[in-house]
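Residue numbers (my numbering), protein chains in the order written: chain A, 4 to 332; chain B, 4 to 332. Backbone N, C-alpha and C define an ideal beta-carbon position, used for all residues, glycine too. Down below is the structure, laid out as structure tokens.
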DNA sequence: TTGAAAGCGCTAACAT
DNA sequence: ATGTTAGCGCTTTCAA
């Protein structure tokens, strides 16, 4: 494994000159440049990022913090982050926290130890105080889920409005008994989506029935099934369900089918996210599309700006209601 | 940002001593150790991986090469790799190649440039010659998909046998007209699964009809739909379909439903992989379970051994046929 | 246009 | 048990 010294010797120049060629500085005469390039080729030399990174005090690595890689919601976001990062010479370290503060801390250490230059956090369970503290020293961007008002830039959508529109759609097609399948209200997005749900109901003069709001501990298929069981057992059974995640909605779909009822004739279902699978179910799922890929590229671009010392502002991206079979038999 | 020098000065010892404490060497007296620890705490010191990595000529990073992150098949493998890596002090760099040789090459550069210590490749499209060449110098393990006989250790399942059993199951429940939805035979697993399919048919004295074998360019839902369209158009329509990927099978399911036919009464469907979603469809999908998580941990353990200079052997893991609704109405 | 040399932060061989 | 020091491979300032 040749190093820069050997290249320099081979080319009969100094290491400084080799470095200049490596970094495309144009203060090198074309003759020397050629000599150096020949030496590089001859020795099969590859510059070591280890040396460069130490010297430059950077790792060129971006850390992505996600609670659970099993939720396909994150896939396109990751893609977006990766492609943007790549185009700027960064690579991504994917870190699954399982919403476990200990695991989170291991990953936070990576940035403390300079193994990563910054963090895109998508973890709602993240310890907000630690994150805030970290953000003083390191570049951090929140993506999709965010703690409001903690001074860390984020990219997300308007959850309240998205939720409002989804529920309004159900109202417009005639539903009056609409259940909300939400996650724990410790999450900001859960509170926002609940608010949107309530606003839509109120606006149409419909009563808020607390019994129509069920909560799940996790955004998963299984929890969607369980929650749907509860909804199906309700005394005055709803004719529509709005779930704050496609995974929950798909679980609901399954449970409704299993109970012998029909979607959307007996119960209409709306999901949230527009993951790939929302189009593969039977019936296909009406859902709120989040611009996942764009969220990823935006978050990455913001983070890289931040790493470079620029000021960055939070961004709210557009969402869109995708009407499919689960609300339009 | 304190460095080891400052800690040494603060503690009134040499940098060597600080380094010893950092690395848990027990040649340090407990008094000095305490002094050093206090200095570390006082200065809020975090050792830089940049310095350590250069010194140790390692990055402690493992590169994962996948063709496309959108196929959930890889999710559990990644989880397995990550957890094993983490337990050994490694982190993972997730790299999506899109089966694009140029992109592959960018990622290969990471190991050439010492940004990564080794590679777990799950990319069937990978340039075999380059991979072989790289494997001479760097630690590489193939996971799930592999090039046979190129001397790079792999971890996978017995695709031929798995395929044989899946088809045999269809035969045993009475099917005689069984289609194979396969991928391009340039992939070894495609050839193996075809072989298993053919062995099962032959063993039961059934004729091989080339028209019953359709090929897809990608393992995706959409390609599954398209392929199923072709199968449905066949003159003597099959009563069962064995798809070499759950994603394809789910596409087939959708297409069959759309055509007004019923699964499994009109057409039975078997998939491959046992991705999470194979249990969320309606009907649920009979499929061959691959031990994804285990494949991940195994591959990572093998790779880390290889990085440490040990010899490692290829591993064949067990598979299992999971019978669900799509073959047992 | 080029070179000499310092130094990024750490570890380990060697010395005491 | 502890310290001194070289050096991992690179970039960049300063000098020529």
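For residue 224 of chain A, the residues of chain B that pass the 9 Å Cβ criterion are 279, 280, 282 and 283, in the order they occur in the chain. For residue 71 of chain A, the three-state secondary structure derived from DSSP is coil. Where residue 243 of chain B is concerned, there is no enclosing alpha helix (DSSP H), although the beta strand (DSSP E) around it starts and stops at 243–246. Of the candidates B/311, B/279, B/182 and B/190, B/182 places its Cα closest to the Cα of residue 213 of chain B. Look at residue 21 of chain A here: in three-state DSSP terms it is helix. Look at the segment 96–140 of chain A and you find these whole runs of beta strand (DSSP E), each 3 residues long or longer: 121–124.
Considering only B/79, B/56, B/148 and B/172, the residue with the shortest C-alpha distance to residue 318 of chain B is B/148. Counting every other CB atom within 10 Å of its CB across the protein chains shown gives residue 175 of chain A a total below 16, marking it as exposed. Cβ-Cβ distances below 8 Å link residue 60 of chain A to 117 in the same chain, with the five nearest sequence neighbours on each side left out; the list follows chain order.
Residues of the segment 112–123 of chain A with a Cβ closer than 8 Å to any Cβ of chain B, in chain order: 112, 113, 115, 116, 117 and 118. When CB distances to chain A are screened at a threshold of 9 Å, the residues of the segment 74–97 of chain B falling below it are 75, 78, 79, 81, 82, 85, 86, 89, 94, 95, 96 and 97, in chain order. Between the alpha carbons of residue 267 of chain A and residue 76 of chain A lies a distance of about 24 Å. Counting along the chain, no alpha helix (DSSP H) covers residue 148 of chain A, and no H or E run does either.
Under a 10 Å Cβ-count criterion, residue 15 of chain A is classified as exposed, with fewer than 16 other Cβ atoms of the shown protein chains found around its own Cβ. Ranked by Cα distance from residue 224 of chain A, the options A/237, A/254, A/242 and A/243 are led by A/254. By the neighbour-count definition (other C-beta atoms within 10 Å, threshold 16), residue 264 of chain A is an exposed residue. DSSP places residue 184 of chain B in the strand class (E or B) of the three-state scheme. Ranking B/87, B/29 and B/142 by CA distance to the CA of residue 313 of chain B puts B/142 first. Note that the segment 100–108 of chain B touches the segment 122–133 of chain B; at least 3 beta-carbon pairs, one per stretch, sit closer than 8 Å. In the DSSP annotation of this structure, residue 177 of chain A is not part of any beta strand (DSSP E), being labelled neither H nor E. Sequence-distant partners of residue 82 of chain B (beyond 5 residues in either direction) whose C-beta falls short of 7 Å from its own C-beta, in its chain, are 296 and 299. Taking a cut-off of 8 Å for Cβ pairs, the segment 55–75 of chain A and the segment 33–41 of chain A do not touch, as fewer than three such pairs fall below it. Going by DSSP, residue 269 of chain B is part of no alpha helix (DSSP H) at all; its letter is neither H nor E. Among the residues of chain B, those whose CB is under 7 Å from the CB of residue 54 of chain A are 57, following chain order.
The alpha-carbon separation between residue 250 of chain A and residue 274 of chain A amounts to approximately 8 Å.
A Cβ-Cβ separation of about 15 Å leaves residue 309 of chain B out of contact with residue 64 of chain B under the 8 Å criterion. Residue environment for residue 211 of chain A: exposed (fewer than 16 other C-beta atoms within 10 angstroms of its C-beta). Per DSSP, residue 198 of chain A is one residue of the alpha helix (DSSP H) stretching across 191–206. Counting the other Cβ atoms within 10 Å of the Cβ of residue 154 of chain A gives fewer than 16, which makes it exposed.
Looking at the DSSP output, residue 216 of chain B sits in a beta bridge with B/183.
For residue 248 of chain A, the nearest beta carbon of chain B is not closer than 8 Å to its own beta carbon. Taking a C-beta cut-off of 9 Å against chain B, the contacting residues of the segment 25–57 of chain A are 49, 50, 51, 52, 53, 54, 55, 56 and 57, listed in chain order.
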